[in-house]
Amino acid sequence: MATLFNPHKLDQVRKAADKLSSESRSADELMEGITVLLNKEMLKYNWVGFYMMEPGANPPVLVLGHYQGAMTPHTRIPLNQGICGAAASSGKTVVVDDVKKDQRYLACSLETKSEIVVPVFAHGQVAGELDIDSHFAAAFAHGDRELVEYCAQLVGKRLEKE
Ligand code: SME
Numbered sequence: 073m074a075t076l077f078n079p080h081k082l083d084q085v086r087k088a089a090d091k092l093s094s095e096s097r098s099a100d101e102l103m104e105g106i107t108v109l110l111n112k113e114m115l116k117y118n119w120v121g122f123y124m125m126e127p128g129a130n131p132p133v134l135v136l137g138h139y140q141g142a143m144t145p146h147t148r149i150p151l152n153q154g155i156c157g158a159a160a161s162s163g164k165t166v167v168v169d170d171v172k173k174d175q176r177y178l179a180c181s182l183e184t185k186s187e188i189v190v191p192v193f194a195h196g197q198v199a200g201e202l203d204i205d206s207h208f209a210a211a212f213a214h215g216d217r218e219l220v221e222y223c224a225q226l227v228g229k230r231l232e233k234e
């Protein structure tokens, strides 16, 4: 029977992300591949998407990029709004186990119960972030956080080559 925490699965998905990284022709293609991979393979990752910093925007703003899951009304998020803005402005991963209890939360779907947002760094700056919503409370354990941070790092390294 499948267990809730499956290190083997996390390892498999990490290796699949490595494969995508070596086969993708651009950071854009890699980001698309990562959204598909995580949404398909990680059963609690119900919405998976990238928000990227708009080049030259003043004040800075995050713009929705590739995503898998339901349409979201939040296609542009200023850095002083939402869990997304908090992660980008602090440069730190934000994990929210119960979105109802976090006043920063901007709702995308009524079904969302927990969320993780991981900044993507390129050349030492926040270039964007990987945002994942789950229909399950506290869906993002330590192993999930490591996997999502790993995927964000792959994208950051790829962006540095462009
Ligand atoms: N919940 C996010 C907004 C983006 S949606 O999750 C897709 C936030 O609070 O910033």
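At position 59 of the sequence shown (counting the first as 1) the number is 131 in this note's numbering, and the numbers step up by one without a gap.
Positions of the beta carbon are idealized from the N, C-alpha and C atoms, including for glycine.
Please read all numbers here as calculations on a predicted model, not as lab measurements.
For T184 against Y139, the beta-carbon gap comes to about 13 Å, at or over 8 Å, which does not count as contact.
For A88, the uninterrupted alpha helix (DSSP H) segment begins and ends at 79-95. The Cβ atoms of M103 and V227 sit closer than 8 Å to each other. In this structure, L178 keeps its C-beta atom at 8 Å or more from the C-beta atom of I204. According to the DSSP assignment, L226 belongs to the alpha helix (DSSP H) that extends over 214-232.
Leaving aside the five residues that flank G157 on each side, the residues in its chain whose CB is nearer than 8 Å to its CB run, in chain order, L134, I149, P150, L151, R176. A210 sits away from S181, with the two beta carbons spaced by 8 Å or more. Annotation note: the segment 174-209 contains no uninterrupted alpha helix (DSSP H) run of length 4 or greater. Within the DSSP secondary-structure output, I149 pairs in a beta bridge with L134. For G128, the secondary structure class from DSSP, reduced to helix, strand or coil, is coil.
With contacts defined as CB atoms closer than 8 Å, V198 and G154 fail to qualify as a contacting pair.
Here G105 carries a helix assignment [DSSP, helix/strand/coil]. Below 8 Å, enough C-beta pairs join the segment 82-96 and the segment 210-226 to call them touching: three or more.
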